[in-house]
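Okay, structure first, notes after.
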Amino acid sequence: MKLKKGIPLIDQHDQNGFWGGKFGGSFIPETLKKPVEDLTNEFNKLRKDKKFLKKRDYYFKNYIGAPTSFIKLNNLTKQLDGAQIWAKVVSEANGGAHKIYNATVHALICKAMGKKYIVGDTGAGYAGKMLSMAAKKFGLKCKIFMGAKDIKRQKPNCDAMRKNGAEIVPVYSGSQTLVDAVSECMRYWVSNCDNTHMCVGSTVGPNIFVKICGWSTAQISRELKLQIKSEFKKIPNKIKLINCVGGGSSAYGFWSEFIDYDKKKIELIGVEAGGPKKSKLHAAPLSRRTKIGILHGAAAYVCQNKEGQINETESISAGLDYPGVSPMHCFLKDTKRARYTYATDEEALNAHQIVTKYENLNPSLEPSHAFAEAIKIAPKLSKDTIIIVNSCGDAKKDRDILKERLGKN
Amino acid sequence: MSFLINQAFQIAKSENRPALLTYTVAGDYTKKKSLEILKSISNYADICELGFPHNTPIADGGQIQTSAYRAIKNGIKINDVFLIAKNFKKIKKNKPIILMGYYNMIFQYNENKFLEKCKKSKVDGLIVVDLPYPENKSFASKCRKNGINFIQLVSPTTSKLRLKKIVKDSHDMIYYISMLSTTGGKLKVSSKKILEKYSKIKNQNKSKNVVIGFGITEKTIKSLKKADGLVVGSAICKEITNSINKRQNTVTNVTNIVRRLKNKIK
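The listed protein sequences correspond, in order, to chains A and B.
Our numbering applies: residue 1 is where the first sequence begins, and numbers increase by one.
Our numbering applies: residue 1001 is where the second sequence begins, and numbers increase by one.
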C-alpha cells in the first residue's frame, strides 16, 4: 500500500472506489446505484468546469469568508515553553465551523443537478446548521437528520437550523447519535432519491461523498500553505499539523496540501475521541485498534463487535461521537503518513480551559481534543518546531455542556 | 446449485399462482420462537427468507428495524442464525430457505467460512442488501461454487444497460424492489406500473424467476398476482410486534396472516 505523489488523496482510489485496495468503496443498496452514479458524473464534470470553480471561489470568499486567519498563540506558547503553538482559526468561517465548505459545495451541486430538496445528517449540529444556511442561501428545501440525544445536547445549533427554515428529523433508533442520523438520512434518500440530493456531513459514506467533502474542505490547507509561506518566507523544517478526527473532514481539509511532504518535515497528527476516562466506550477506531468493517457504504476501521454489529460510542463531543472514520484516514494510517492518537473527555475539557484562559480563542469540544495533544507534546519539543492546530469549530454550541462540566457561562 | 428455489416456483406455476415468499428476522423475538414461527408459516409460504439482523440497516424501514433490534437485544448471534436454518431444514427439508442481510456480517465472519456454514446448514440462497452488482461478482460466483443461489436485486432506478448485465449475471431468482423506498413503505406506485417494469425484467430472460417485494401487504398482494413470486416482510414483522404488545400468541397470529396472504393469491 503506497501513497502517490502529485495526485490529490481524494483521487488515489482504484476503479471500484477503494483507497489502498481495501478502504472505501460503495456498499449501497441497488436503488442508490443510479443516483450515486449520476452524482459521480456530475461532480466529475463540475470540478473541471471553470464557471463552476469560479462560482465556488466566489462563495468561499464572499459567503464563507475565506481566508480564515492563521495566528500565533503567544501566551500559550510562552506557558508551555516548548514548540511554538499556532492556530488556523477555521471557526471564523461563516456559521462557525469548517462544515460550511462541504455544505456550500453540496448546495451548489444540488442546484446544478436541478434538485429542489436537500437532506443531510448531523452530530454536533454544525453540518446541519451549515446545510440549513446554504439551503436558505440557494433556495433549497432542507431536512436535517439528527440523533435525539444530540438534539438535546447541541441546542444552540438546533435553534439555528430551525431559524434557517430547515426541518429537524429526530432519530430515536440505536444510540440516538450521529451513527443513527446517518443511517436514517440514507434511508430517507433511498426513498426519495428521484428529487432529493443527499449531503453526507463528513468524509465518510460511499466513495463519491468522501470525495466531494474532501474536495470542499481542502480549501483550508490551500489557504494555510500560502499563509505559512508568507509568515515564514518558506515552509519551516519542523511542522506538526494537529487536527481532531471524527469522520475526518476537517483533518483531511487541513492536511491535503501537505500530504506529499516528508513526514519528518511535516507531521500529521489526528486526535480521536477517547471518551470518558473511565468508560470502555470510545469513538477512536484508528488509535484504539479496531478491525475493518463496512459502515454507511464504505469499508474502514470501525468500532464494532466480533459479529460485525456496530458499537455504541461515547464522547463529550457530539461531532466526534461516531464509530467509523474516513477511508482516507485509514489509508493515511496504514501508509504511516499520519499518526493517530486520542484524547479523553477530561483532557479535552482541560485543554478547552487552558486555551480559553490564555488566548482570545474559544475552540469547541472537537478541536479541544486536538489542543489537548498539542498541550501534551509542546513542552517536549524544540522552540523552532511549529505546531499548528486546526481550531475548526466555535464553542458557542457547547454552552450547555461547558456550563454543566466546568460551571462556565 | 440448490434446485429447491426453482422447484418452488415451478410448483407455484403449476398451481397457477405466484410463489409466496416470507421474510422474518432470525431470533425475533427469541431464537426458539423465531424457529417456531418459521416452521409454522412455511406450511403456507413457498420460500422462507430469514434475516440475519444488523444494527445499522441502511435499507430497512421501521418494522424490520424493530424486529432486528429486538432479535439482537435477545442475544442472536450469526451462529444461532445458522442453527435456526439447520433445525428448520431437518423438518422441512424441501422448503427453500434464503438468508438475507448486510455485507459486514458476512465480511466479519469471512466470506468462505460463511458460505461453508450456509452449505452445512442447507441454506439455498443469499440476499445481500448492500453488495450490489458489479461489486458482488466475486462473491456471487463463490456462492454458485458452493451450490448457493445468489439473488440479485433490481430497483426502479436500475438503468436498461445495467438491468441487462444484472440479469445475465443472476442465478435462478431476481428480486425486484417495487418502488423507491425502504422496506415496509406504503406502496406508492400503481400495480400496473410495477408490473410493467416487472415484464421488462422478465423479458430479458424468461427462465429467471422474478419476485416483487417492498410494500406488499394483505391489501396490495392480489394486484400483483401475475409475478413469479411475491415477498412479504414488514407486514409479518409488524404482526410480531403487535402480538407481543397485545400479549397474544405470535406463532398463531403470524401464521394467520401468512395463510390469508396465500389465500389471496390462490
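Each residue gets a CB set at the ideal place from its N, CA and C atoms; glycine is no exception.
Give a yes or no on whether the C-beta atoms belonging to N164 (chain A) and S191 (chain A) are separated by under 7 Å.
What you label residue 164 (chain A) is simply residue 164 of the first sequence in a count that begins at 1. What you label residue 191 (chain A) is simply residue 191 of the first sequence in a count that begins at 1. No, the pair does not count as a contact, with Cβ atoms beyond the cut-off.
According to DSSP, simplified to helix, strand and coil, what is H416 (chain A)?
Not covered by the structure: residue 416 (chain A). The range shown for chain A is 1 to 409.
Looking at the secondary structure, which residues open and close the beta strand (DSSP E) in which D412 (chain A) lies?
Since the displayed chain A opens at 1 and closes at 409, residue 412 (chain A) lies outside it and no answer follows.
Quick one: what's got a C-beta closer than 6 Å to T104 (chain A)'s C-beta in the same chain, skipping five residues either side?
Residue mapping note: residue 104 (chain A) aligns to position 104 of the first sequence, counting from 1. Within the same chain, T104 (chain A) has close Cβ partners Y59 and A134.
Starting from P170 (chain A) and walking both ways along the beta strand (DSSP E), at which residues does that stretch end?
Here residue 170 (chain A) refers to the residue found at position 170 when the first sequence is read from its first residue. Run containing P170 (chain A): E167 to V171, per the beta strand (DSSP E) assignment.
V1123 (chain B) CB to nearest chain A CB: under 7 Å?
Residue numbering aside, residue 1123 (chain B) sits at position 123 when the second sequence is read from its first letter. No, V1123 (chain B) does not count as interfacial toward chain A.
S183 (chain A) at chain B interface by Cβ criterion, 7 Å
The count along the first sequence starts at 1 and reaches residue 183 (chain A) at position 183. Yes, its Cβ sits closer than 7 Å to a Cβ of chain B.
Whose C-beta lies closer than 8 Å to the C-beta of Q12 (chain A) among residues of the same chain, with five residues either side of it excluded?
By 1-based counting over the first sequence, the position of residue 12 (chain A) is 12. So the list reads L3, K4, W19 and F331, once near-sequence residues are dropped.
Which runs of the beta strand (DSSP E), 3 residues or longer, sit entirely within the region 271–324 of chain A?
291–295 and 298–302, all fully within the region 271–324 of chain A.
Count the other CB atoms within 10 Å of the CB of P1096 (chain B); is the residue buried (16 or more) or exposed (fewer)?
Against the second sequence, residue 1096 (chain B) aligns to sequence position 96. By the neighbour-count rule (16 or more Cβ atoms within 10 Å), P1096 (chain B) is buried.
Quick one: residues in its chain with C-beta nearer than 8 Å to the C-beta of Y1109 (chain B), no 5 flanking neighbours on either side, listed in chain order?
Here residue 1109 (chain B) refers to the residue found at position 109 of the second sequence. Once the five neighbours on either side are set aside, the close Cβ partners of Y1109 (chain B) are I1078 and K1117.
How about G1061 (chain B) and T1220 (chain B): are their beta carbons less than 7 Å apart?
In the second sequence, residue 1061 (chain B) corresponds to position 61, counting from 1. In the second sequence, residue 1220 (chain B) corresponds to position 220, counting from 1. Cβ distance not < 7 Å, so G1061 (chain B) and T1220 (chain B) don't count as in contact.
Considering only residues of the same chain and omitting the five flanking positions on each side of K1093 (chain B), which have a CB-CB separation below 8 Å?
Counted from its first residue, the second sequence places residue 1093 (chain B) at position 93. Here the set comprises K1122.
Scan the region 279–310 of chain A for residues whose Cβ lies nearer than 9 Å to a Cβ of chain B and list them as they occur along the chain.
K291, I292, G293, I294, L295, H296, G297, A299, V302, Q304, N305, K306, E307, G308, Q309 and I310
In DSSP terms, what N1016 (chain B) is bridged to
On the second sequence, residue 1016 (chain B) is found 16 positions in, with the first residue counted as 1. Answer by DSSP bridge pairing: none, since N1016 (chain B) is not bridged.
On a Cα-Cα basis, can you pick out the residue from A:E184, A:K116, A:A166 and A:G147 that is closest to K129 (chain A)?
Start at 1 with the first residue of the first sequence, and residue 129 (chain A) comes out as number 129. When each option's Cα is compared against that of K129 (chain A), the closest is A:A166.
N1149 (chain B), buried or exposed, once every other Cβ within 10 Å from all chains shown has been counted against 16
On the second sequence, residue 1149 (chain B) is found 149 positions in, with the first residue counted as 1. Result: buried.
Which whole-angstrom value describes the C-beta separation of S202 (chain A) and G248 (chain A), a residue pair presumed to lie in contact below a C-beta threshold of 8 Å?
Taking the first residue of the first sequence as position 1, residue 202 (chain A) is located at position 202. Taking the first residue of the first sequence as position 1, residue 248 (chain A) is located at position 248. Confirmed, Cβ separation roughly 6 Å.
Between which two residues does the alpha helix (DSSP H) harbouring F1139 (chain B) extend?
Position 139 of the second sequence, counting from 1, holds the residue named residue 1139 (chain B). K1137 to K1145 is the span of the alpha helix (DSSP H), which, as asked, contains F1139 (chain B).
Check whether the region 371–386 of chain A touches the region 343–362 of chain A, counting contact only when three or more Cβ pairs, one atom from each stretch, lie closer than 8 Å.
yes
Quick check: what's the CA-CA separation for K1186 (chain B) versus L1180 (chain B)?
Within the second sequence, the letter at position 186 stands for residue 1186 (chain B). Within the second sequence, the letter at position 180 stands for residue 1180 (chain B). Using only the alpha carbons, I get a separation of about 10 Å.
For K1193 (chain B), tell me which candidate among B:T1066, B:A1019, B:Y1176 and B:L1021 has the shortest Cα-Cα distance.
As a first step, residue 1193 (chain B) must be located in the second sequence, where it is residue number 193. For K1193 (chain B), the nearest C-alpha among the options comes from B:Y1176.
When you compare only the Cα positions, how much space is there between L381 (chain A) and Q176 (chain A)?
Residue mapping note: residue 381 (chain A) aligns to position 381 of the first sequence, counting from 1. Residue mapping note: residue 176 (chain A) aligns to position 176 of the first sequence, counting from 1. Within the model, the alpha-carbon separation for L381 (chain A) versus Q176 (chain A) is close to 41 Å.
By DSSP, does K141 (chain A) sit in helix, in strand, or in coil?
Taking the first residue of the first sequence as 1, we reach residue 141 (chain A) at position 141. Correct three-state label for K141 (chain A): strand.
Tell me which residue opens and which closes the alpha helix (DSSP H) that L178 (chain A) is part of.
Working through the first sequence from its first residue, we reach residue 178 (chain A) at position 178. Counting along the chain, the alpha helix (DSSP H) containing L178 (chain A) begins and ends at L178 to N192.
Could you please tell me which residues of the region 1101–1112 of chain B, in chain order, have their CB closer than 9 Å to any CB of chain A?
Y1102, Y1103, N1104, M1105, I1106, F1107, Q1108 and Y1109
Would you list, in sequence order, the uninterrupted alpha helix (DSSP H) runs of no fewer than 4 residues that lie entirely inside the region 1204–1252 of chain B?
1234–1245, all fully within the region 1204–1252 of chain B.
Once the 5 residues before and after Y358 (chain A) are set aside, which same chain residues still bring their CB inside 7 Å of it?
Numbered from 1 along the first sequence, position 358 holds the residue referred to as residue 358 (chain A). Taken in chain order, the residues that qualify are N75, L76 and Q79.
Determine, for V190 (chain A), whether the minimum Cβ-Cβ distance to residues of chain B falls below 7 Å.
Position 190 of the first sequence holds residue 190 (chain A). Interface flag for V190 (chain A) against chain B is set, since a Cβ pair is found closer than 7 Å.
Residues within the region 151–182 of chain A neighbouring chain B, beta-carbon criterion of under 9 Å:
S173, G174, V179, D180 and V182
Using CA atoms only, rank isn't needed, just tell me which of A:A299, A:I316, A:S315 and A:E314 is closest to G308 (chain A).
In the first sequence, the residue the question calls residue 308 (chain A) occupies position 308. Closest by alpha carbon: A:A299.
What are the residues of the region 1229–1242 of chain B that lie near chain A, defined by any Cβ-Cβ distance shorter than 8 Å?
none
Decide if P379 (chain A) is buried, meaning its Cβ has at least 16 other Cβ atoms within 10 Å, or exposed.
Taking the first sequence and counting its residues from 1, the one referred to as residue 379 (chain A) is at position 379. Exposed.
Separation of T1241 (chain B) from K1090 (chain B), as counted between CA atoms
Locating residue 1090 (chain B) in the second sequence gives position 90, where the first residue counts as 1. Locating residue 1241 (chain B) in the second sequence gives position 241, where the first residue counts as 1. Cα to Cα, the separation comes out at about 28 Å.
Ends of the beta strand (DSSP E) at I239 (chain A)?
Locating residue 239 (chain A) in the first sequence gives position 239, where the first residue counts as 1. I239 to C244 is the span of the beta strand (DSSP E), which, as asked, contains I239 (chain A).
Which residues mark the beginning and the end of the alpha helix (DSSP H) in which A251 (chain A) is found?
The sequence position of residue 251 (chain A) within the first sequence is 251, counting from 1. S249 to W255 is the extent of the alpha helix (DSSP H) around A251 (chain A).
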